[in-house]
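Numbering (the working numbering), first residue to last: 732 to 874. A virtual CB, placed ideally from N, CA and C, is assigned to each residue, including glycine.
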Amino acid sequence: MNTRRWIEGVALVTLAAVFGVAGALKLAGPVVFADAIYRYRLLPWGASLVLAVYLPWLELICALALGIARLRRPAVAVMMGLCVLFLGALIAAKARGLELSCGCFGGAASGSDLGQAIVRDVVVLGLAIAYLVSVGRHPRNRA
């Protein structure tokens with residue numbers, strides 16, 4: 732297996748696992764996840780609740796879309812956008828000195844501090860970028 736294919740494979744498996752697990756865990760407790768979103772002090776409660784209901788489904792759909800060749804690039808692009816938004820929220824919370832769980836894997840139960848969540852998000856974002864750069868260099872991979 733060549734290096735490019737290995738990078739693409741690792742990126743896809745990791746992205747599918749992270750977004751699939753995160754989405755599934757959040758579905759189990761939308762009110763707990765809404766509270767985790769609300770604690771960032773970026774959205775009112777109603778918007779936090781709406782986001783808590785729909786975001787896990789988007790994460791799951793993107794994770795599943797990675798299994799369909801024609802949907803991979805758009806799914807990774809959406810995941811990359813979500814990572815950028817998550818990273819912005821995490822950095823804003825850290826800069827304001829908020830002490831909270833990131834909510835990344837199911838609300839308050841995730842137990843991850845913001846510094847760890849920032850590092851994890853940067854790694855996941857890097858994998859998404861690596862995948863898009865890798866497939867973007869080869870015309871046969873373009874949909």
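With respect to the C-alpha of alanine 823, the residue from Val744, Leu746, Leu774 having the closest C-alpha is Leu774.
Note that the C-beta distance between valine 749 and valine 855 is below 7 Å. A distance below 7 Å separates the beta carbons of leucine 746 and methionine 810.
Bounds of any alpha helix (DSSP H) do not take in aspartate 844, whose DSSP letter is neither H nor E.
DSSP assignment within the stretch 798-865 yields no whole beta strand (DSSP E) run of 3 residues or more. Annotated as proximal: leucine 756 and phenylalanine 836, with beta-carbon spacing under 7 Å.
Taking glycine 857 as the centre and dropping the five residues before and after it, the same chain places no C-beta closer than 8 Å to its C-beta. With a beta-carbon spacing of about 13 Å, glycine 751 and leucine 813 fall beyond the 8 Å limit used to define contacts.
Taking 7 Å as the cut-off, the Cβ atoms of alanine 800 and leucine 821 do not count as close. Here the alpha carbon of leucine 780 sits roughly 29 Å from the alpha carbon of arginine 804.
Counting every other CB atom within 10 Å of its CB across the protein chains shown gives aspartate 844 a total below 16, marking it as exposed. The beta carbon of leucine 797 is closer than 6 Å to those of Leu743, Ala747, Arg803, Ala806 in its chain, skipping five residues each way along the sequence. For tyrosine 769 against tryptophan 776, the beta-carbon gap comes to about 6 Å, under 8 Å, which counts as contact.
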